[in-house]
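Those protein sequences? They're chains L and E, same order as listed. Going by this note's numbering, the first residue of the first sequence is number 1, and it counts up by one from there. Going by this note's numbering, the first residue of the second sequence is number 172, and it counts up by one from there.
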Amino acid sequence: MVSATATEAIERRVRDALEGVADPEIPACSVADLGMVERVAVTHDAVEVDLLPTFVGCPAKDLIGDDVRRAVERAAEGRAVQVRFVYDPAWTTERITARGRERLRGVGIAPHWDRPSGPVAVPLMATSRVPCPFCGSADTVMESSWGPTPCRAQHWCRSCRNPFEGFKEKA
Amino acid sequence: MPDDPRLDLLLSLADDELILGHRHTEWTGWAPYLEEDLAFSSIGQDEIGHARLLYELAEPLAERDPDAQAFGRTPEEYRHAILCERPNGDWGYTMARQWLYDEADDVRLAALEGSSFAELAAAVKTVRLEERYHLEHAREWFRRLAGGSVEARQRFAEGLEAALPEAMALFEALPSEEELLAGGAMPRSSEVLLAEWLERVGRDLEEASLDWVLSAHQRAGGEMVPTSSGEIEAGPTLTVPGVKRLEGRWVHVGGFAGSGGRRGRRSEDFGPLWEEMTGLYRAIPGATW
Numbered sequence: 001m002v003s004a005t006a007t008e009a010i011e012r013r014v015r016d017a018l019e020g021v022a023d024p025e026i027p028a029c030s031v032a033d034l035g036m037v038e039r040v041a042v043t044h045d046a047v048e049v050d051l052l053p054t055f056v057g058c059p060a061k062d063l064i065g066d067d068v069r070r071a072v073e074r075a076a077e078g079r080a081v082q083v084r085f086v087y088d089p090a091w092t093t094e095r096i097t098a099r100g101r102e103r104l105r106g107v108g109i110a111p112h113w114d115r116p117s118g119p120v121a122v123p124l125m126a127t128s129r130v131p132c133p134f135c136g137s138a139d140t141v142m143e144s145s146w147g148p149t150p151c152r153a154q155h156w157c158r159s160c161r162n163p164f165e166g167f168k169e170k171a
Numbered sequence: 172m173p174d175d176p177r178l179d180l181l182l183s184l185a186d187d188e189l190i191l192g193h194r195h196t197e198w199t200g201w202a203p204y205l206e207e208d209l210a211f212s213s214i215g216q217d218e219i220g221h222a223r224l225l226y227e228l229a230e231p232l233a234e235r236d237p238d239a240q241a242f243g244r245t246p247e248e249y250r251h252a253i254l255c256e257r258p259n260g261d262w263g264y265t266m267a268r269q270w271l272y273d274e275a276d277d278v279r280l281a282a283l284e285g286s287s288f289a290e291l292a293a294a295v296k297t298v299r300l301e302e303r304y305h306l307e308h309a310r311e312w313f314r315r316l317a318g319g320s321v322e323a324r325q326r327f328a329e330g331l332e333a334a335l336p337e338a339m340a341l342f343e344a345l346p347s348e349e350e351l352l353a354g355g356a357m358p359r360s361s362e363v364l365l366a367e368w369l370e371r372v373g374r375d376l377e378e379a380s381l382d383w384v385l386s387a388h389q390r391a392g393g394e395m396v397p398t399s400s401g402e403i404e405a406g407p408t409l410t411v412p413g414v415k416r417l418e419g420r421w422v423h424v425g426g427f428a429g430s431g432g433r434r435g436r437r438s439e440d441f442g443p444l445w446e447e448m449t450g451l452y453r454a455i456p457g458a459t460w
């Protein structure tokens, strides 16, 4: 019989391990920072981790799943490890943790933004009100909904004249 | 053993997304400018991702893994609407098709959020958070082309004329629709969804003074899709498909142009797409990278 404290200790180690698994497309952030960890369950012989992809078609998904499995196996003390992607609930930008938001701003990515309401022009030069991750100004425009990854859009700061990226709002 | 009717539903949704997603990605490197290159690459990636999610839901019913479903079927085993396999053609056609398709997708996904098939209802909720960016993209281009230069408007109208008849066939009844409706997996029938969609696109076309493309469509009519064996399907589907204005609403009458997609009927445009899309899978089964 394994005590509850033992499984709790493993769960803590697993969660710590998840803090160390970087998102391959945003190495400054871990999968935990981005709010992708939906569930960790530890039993006497198994560890299950459910992850939420930021975007359903994220091409880095398989890579992230493999990285998570390897990290969790190191923390699982021989328990069988199962890592799954689940889609319920949906991942939203609100799930990004306070530390994740700080780290994203540190690499020039706005973590969350309010969508402009009503019609916008093409190319999407609408004022998007996303605070610039560099100078904090709200005098910014969204240049395109489409960026280097499906989950990010491109913006421009009119105050400090820097381009920056922002997570697409999903809420 | 007869197939689970839910497989019919999943494959119609997944195959639409996979095949149109594949067409979208053909703009990578060729779109009119960089932003659109990125837009269609991203939208294609999203759609193919949605297809994969639906193939995962279908896995226990199809007894085939997602890759085998996406790439391991013969052309006649796909269940997408013929609209999705048509070549991208002119930018006007591309944007007309994307607009018609994404409005249609929004109508059917909104209905499926209430599906009794709980896993599908949950997946649809997640998918819709991403689809709204596609819809926004299409609606921006609708405004831009419909309100643009004479040439832009003309080419968009030509695209609409070409895409509209086959877009209606997105709502052709599924082979096992009766069972899907009875079990609540489909909360509303294809016929009801078609009416909802026509009301929506009809209103937008009227506002843009482009609703003549709906009436023009009544004259175009006819069945113009040879099967891959070259045979032209005869019978009731040959009745002239059309849209009529009745009591202030646009309603669908008659058959469907480009019908039969949901039963595996393919146009000659599908062969080359299928050859390319499944080439690696067929050459090296089980390949990973």
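A virtual CB, placed ideally from N, CA and C, is assigned to each residue, including glycine.
Taking DSSP's pairing of strands, which residues face residue i in a bridge?
i	result
L/Asp23	L/Ile26
L/Thr140	L/Cys157
L/Pro163	L/Trp156
L/Glu48	L/Ala41, L/Gln82
E/Val422	E/Lys415
L/Ile96	DSSP lists no partner for L/Ile96.
L/Gly109	The sequence shown places Ile at residue 109 of chain L, not Gly. Paired residue(s): L/Glu165.
How big is the Cα-Cα spacing for residue i and residue j?
i	j	result
E/Phe427	E/Ile219	26 Å
E/Val372	L/Pro131	36 Å
L/Arg15	L/Lys170	25 Å
L/Ala60	E/Gln269	26 Å
E/Glu256	L/Thr93	34 Å
E/Ala344	E/Ser438	19 Å
E/Leu182	E/Tyr249	8 Å
E/Leu180	E/Ala233	12 Å
E/Arg310	E/Asp273	9 Å
L/Leu34	E/Ala328	44 Å
E/Asp261	E/Gly330	8 Å
E/Gly429	L/Gly166	41 Å
E/Val295	L/Thr54	15 Å
E/Pro246	E/Thr449	10 Å
E/Leu228	E/Glu207	31 Å
L/Ala41	E/Ala289	23 Å
E/His195	L/Ala22	31 Å
E/Asp375	E/Trp368	11 Å
E/Glu337	E/Leu271	10 Å
L/Gly136	L/Leu104	13 Å
E/Glu332	E/Phe313	14 Å
E/Arg434	E/Pro346	7 Å
E/Ala267	L/Glu11	52 Å
L/Gly65	E/Val363	41 Å
L/Pro24	E/Glu307	29 Å
E/Ala334	E/Trp460	37 Å
L/Val47	L/Val81	5 Å
L/Val107	E/Ser386	54 Å
E/Ala202	L/Asn162	26 Å
E/Glu284	L/Ser3	43 Å
E/Ser360	E/Arg420	19 Å
State the CB to CB distance for the pair residue i and residue j, rounded to an integer number of angstroms; the pair is presumed to be in contact (CB under 8 Å).
i	j	result
L/Asp45	L/Arg84	About 17 Å; that fails the 8 Å criterion.
L/Ser145	E/Tyr204	Between E/Tyr204 and L/Ser145 the Cβ distance is about 15 Å, and since that is not below 8 Å, they are no contact.
E/Gly432	E/Val424	Not a contact, Cβ separation roughly 20 Å.
L/Gly57	L/Pro148	No, L/Gly57 and L/Pro148 are not in contact; Cβ-Cβ is about 14 Å, not under 8 Å.
E/Ala340	E/Ala252	5 Å
E/Thr297	L/Ala153	At roughly 19 Å, the Cβ-Cβ gap does not stay under 8 Å, so E/Thr297 and L/Ala153 are not in contact.
E/Asp236	E/Tyr452	Between E/Tyr452 and E/Asp236 the Cβ distance is about 12 Å, and since that is not below 8 Å, they are no contact.
L/Ala32	L/Leu18	5 Å
E/Glu197	E/His221	Actually they are not in contact, since the Cβ atoms of E/Glu197 and E/His221 sit about 18 Å apart, beyond 8 Å.
E/Leu224	L/Tyr87	6 Å
- Task: Identify each residue in the segment 68-91 of chain L for which the Cβ-Cβ distance to at least one residue of chain E is less than 7 Å, and report them in chain order.
- Result: Tyr87, Asp88, Ala90
- Members of the segment 36-68 of chain L that neighbour chain E once the beta carbon cut-off is set at 8 Å: Those residues of the segment 36-68 of chain L that come within reach of chain E (Cβ to Cβ, closer than 8 Å) are Phe55, Val56, Gly57, Cys58, Pro59.
- Taking a Cβ distance cut-off of 8 Å, strictly less, list which residues of the segment 250-283 of chain E are near chain L, in chain order. none
- Task: Quick one: which unbroken alpha helix (DSSP H) runs of 4-plus residues sit fully inside the segment 179-229 of chain E? Chain order, please.
- Result: Counting only runs that start and end inside the segment 179-229 of chain E, there is no alpha helix (DSSP H) element of at least 4 residues.
- Item | 4-residue-minimum alpha helix (DSSP H) runs that sit fully inside the segment 325-397 of chain E, ordered along the chain | You should have 348-354, 361-378, 383-391.
- In chain order, what residues of the segment 306-334 of chain E put their CB closer than 9 Å to some CB of chain L? Glu307, His308, Arg310, Glu311, Trp312, Arg314, Arg315
- Task: With 9 Å as the limit, tell me which residues of the segment 130-146 of chain L have their beta carbon closer than that to any beta carbon of chain E; keep them in chain order.
- Result: Glu143, Ser144, Ser145, Trp146
- Task: Report the residue ranges of all alpha helix (DSSP H) runs contained in full by the segment 219-280 of chain E; include only those spanning at least 4 residues, in chain order.
- Result: With a minimum length of 4 residues, the continuous alpha helix (DSSP H) runs that stay inside the segment 219-280 of chain E are 237-242.
- When you check each C-beta in the segment 150-165 of chain L against every C-beta of chain E, which residues fall closer than 7 Å? Pro150
- Within 8 Å of chain L by C-beta, residues of the segment 219-232 of chain E in sequence order: Ile219, Gly220, His221, Arg223, Leu224
- Item | Residues in the segment 291-306 of chain E having any Cβ partner in chain L nearer than 7 Å | Ala293, Ala294, Lys296, Thr297, Val298, Leu300, Glu301, Tyr304
- Query: Taking a cut of 7 Å between CB atoms, which residues from the segment 235-250 of chain E lie near chain L?
  - Reply: none
- Query: Given a limit of 8 Å on CB to CB distance, which residues of the segment 186-211 of chain E reach chain L?
  - Reply: Glu206, Leu209, Ala210
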